[in-house]
Amino acid sequence: MALLSTALPVLAGGDCPGSERQPEPLLVIAVGDIMLGTDFPLDHLPDDDGVSFFEGVSEILQSADITFGNLEQVLMDGGEPVKTCTVPSVCYLFRSPTRYAAHLRNAGFDVMSLANNHALDFGEEGRDASMAALDEAGILHSGREDSFASWQANGRRIALMAFAPFKGSSSPLGPDMDRARMNVSSLAQSHDIVIISLHGGGEGVEANRVPFMEEFYHGELRGDVAAFARAMIDIGADLVLGHGPHVPRGMEIYRGRLIAYSLGNFATYYGIGVAGMKGVAPILIARLSPDGSLLDGRIVSAVQRRPGGPYPDGDMRAFREIMRLSKLDFPDGGIEFHEDGSFTPKKAND
């Protein structure tokens, strides 16, 4: 089965042919769900057309070699939804104008997932429009089944493949595991660093724990996120970035590689609740060695405040919640948390 590459630009630090430069560590920033407002069926777009939506966190987002987010909506000018919306005031279909892709680029995003339950609110035509808008903005993406993003950074060949338990995307579900393994194994053979985006698990404040079993949401199978994430590391992936529950979950180091099980909501202007832990917006910073193992990292805590976007949280709620959940769900998860928001792999004798 042939894999499809969505893009092949150079972000930064690509070596010239014959260069003897040694690869440097790779700094990755990752956040969870992003929804910049919607103009369907009613106008719920930011007052300034989204220009300042990320101003509270853009300096942080721009500081990495790679900055990733999950685009939980469609970027499209017009178009009709494929889902039914009977009550406009409670319609969960998300469409922003294609010009909003520039806000993502200006904020610092380099690569995004289009594998989630809102990427197809307007069908494959809508996802086509999102892909074209991101292409125009110079942002890489993965969302369609078997698709991946591929590029160079710091002298390393990087791939990102996005998975979600929904039609039209690469599936993380048990019956599709062999296909996932084959694709990720192929990427690991042709790339130095492989990153997995995983949209899965239950949703809501009661879905903050990793249950180590299959999860459902309104009767829909959402996968066994721990089994899938670990299987991807086993086959050659180096970093797994989870999202979907709309709240943070814990993290673990598995075989030297970091798995973040949910990065929660990051920038959701309308239609996605931000009360309590749903409004906590972690910014994960992970520094990877040239072979993909975790060197160290940090959770920068942000929080959403409507009608604005995310801004730094001096109370460090995101960090403290992820630290708490990591200790509960992964007591042997190999992470040492520090009070300044940083974390490191535990030493063997710790």
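The numbers in the sequence shown follow my numbering, run straight up by one, and end at 780. Every residue, glycine too, gets a C-beta built ideally from N, C-alpha and C. Please read all numbers here as calculations on a predicted model, not as lab measurements.
For residue i and chain D, any beta-carbon pair shorter than 7 Å?
{"i": "residue 522", "result": "Within the model displayed, chain D is absent; a lone protein chain is all it includes."}
Return the chain-ordered list of same chain residues with a C-beta closer than 6 Å to the C-beta of residue i, the five sequence neighbours on each side being excluded.
{"i": "residue 801", "result": "An answer regarding residue 801 cannot be provided, because it is not within the stretch 431 to 780 covered by the chain."}
{"i": "residue 665", "result": "611, 614 and 615"}
{"i": "residue 622", "result": "586 and 587"}
{"i": "residue 644", "result": "654"}
Please classify residue i as buried or exposed, where buried requires at least 16 neighbouring CB atoms within 10 angstroms.
{"i": "residue 757", "result": "exposed"}
{"i": "residue 636", "result": "exposed"}
{"i": "residue 762", "result": "exposed"}
{"i": "residue 592", "result": "buried"}
{"i": "residue 560", "result": "buried"}
{"i": "residue 473", "result": "exposed"}
{"i": "residue 540", "result": "buried"}
{"i": "residue 751", "result": "buried"}
{"i": "residue 468", "result": "buried"}
{"i": "residue 649", "result": "exposed"}
{"i": "residue 769", "result": "exposed"}
{"i": "residue 781", "result": "As shown, the chain starts at 431 and ends at 780. That puts residue 781 outside it, with no answer to give."}
{"i": "residue 428", "result": "This structure cannot speak to residue 428, because the chain is shown only from 431 to 780."}
{"i": "residue 489", "result": "exposed"}
{"i": "residue 442", "result": "Confidence in residue 442 is poor, its pLDDT being 36 and thus under 50, which makes the residue's placement too unreliable to answer from."}
{"i": "residue 778", "result": "exposed"}
{"i": "residue 642", "result": "exposed"}
{"i": "residue 508", "result": "exposed"}
{"i": "residue 651", "result": "exposed"}
{"i": "residue 685", "result": "exposed"}
Can the beta-carbon of residue i be found less than 7 Å from the beta-carbon of residue j?
{"i": "residue 670", "j": "residue 626", "result": "yes"}
{"i": "residue 459", "j": "residue 697", "result": "no"}
{"i": "residue 765", "j": "residue 683", "result": "yes"}
{"i": "residue 538", "j": "residue 506", "result": "no"}
{"i": "residue 494", "j": "residue 534", "result": "no"}
{"i": "residue 632", "j": "residue 647", "result": "yes"}
{"i": "residue 640", "j": "residue 558", "result": "no"}
{"i": "residue 399", "j": "residue 487", "result": "In the structure as shown, the chain starts at 431 and stops at 780, and residue 399 therefore has no counterpart that could be examined."}
{"i": "residue 528", "j": "residue 563", "result": "yes"}
{"i": "residue 550", "j": "residue 572", "result": "no"}
{"i": "residue 703", "j": "residue 691", "result": "no"}
{"i": "residue 680", "j": "residue 628", "result": "no"}
Apart from the five residues on each side of it in sequence, which residues of its chain come closer than 8 Å, Cβ to Cβ, to residue i?
{"i": "residue 439", "result": "Note that residue 439 scores a pLDDT of 34, beneath 50, so its modelled location is shaky; the value from the coordinates is reported in the next line. Contacts found: 568, 570 and 581."}
{"i": "residue 687", "result": "663, 667, 668, 669, 670, 722, 723 and 724"}
{"i": "residue 455", "result": "584, 717, 718, 719, 720 and 725"}
{"i": "residue 433", "result": "Note that residue 433 scores 33 on pLDDT, short of 50, meaning its location in the model is unreliable and no value can be drawn from it."}
Going along the chain, which residues of its own chain have a beta-carbon closer than 7 Å to the beta-carbon of residue i, five neighbours each way excluded?
{"i": "residue 706", "result": "635"}
{"i": "residue 453", "result": "584, 585, 586 and 720"}
{"i": "residue 710", "result": "678, 694, 733, 747, 748 and 751"}
{"i": "residue 743", "result": "731, 732 and 733"}
**Prompt:** Mind pulling the alpha helix (DSSP H) runs of 4 or more residues that sit fully within the segment 539-620?
**Reply:** 553-567 and 607-620
**Prompt:** Mind pulling the beta strand (DSSP E) runs of 3 or more residues that sit fully within the segment 640-686?
**Reply:** 645-647, 650-653, 669-673 and 681-684
**Prompt:** Do the segment 493-504 and the segment 722-740 touch if we need at least three Cβ pairs shorter than 8 Å?
**Reply:** no
**Item:** beta strand (DSSP E) segments (min. 3 residues) lying fully within the segment 717-753
**Value:** 724-734 and 740-742
**Prompt:** Which runs of the beta strand (DSSP E) fall wholly inside the segment 464-542 and span at least 3 residues, in chain order?
**Reply:** 496-501
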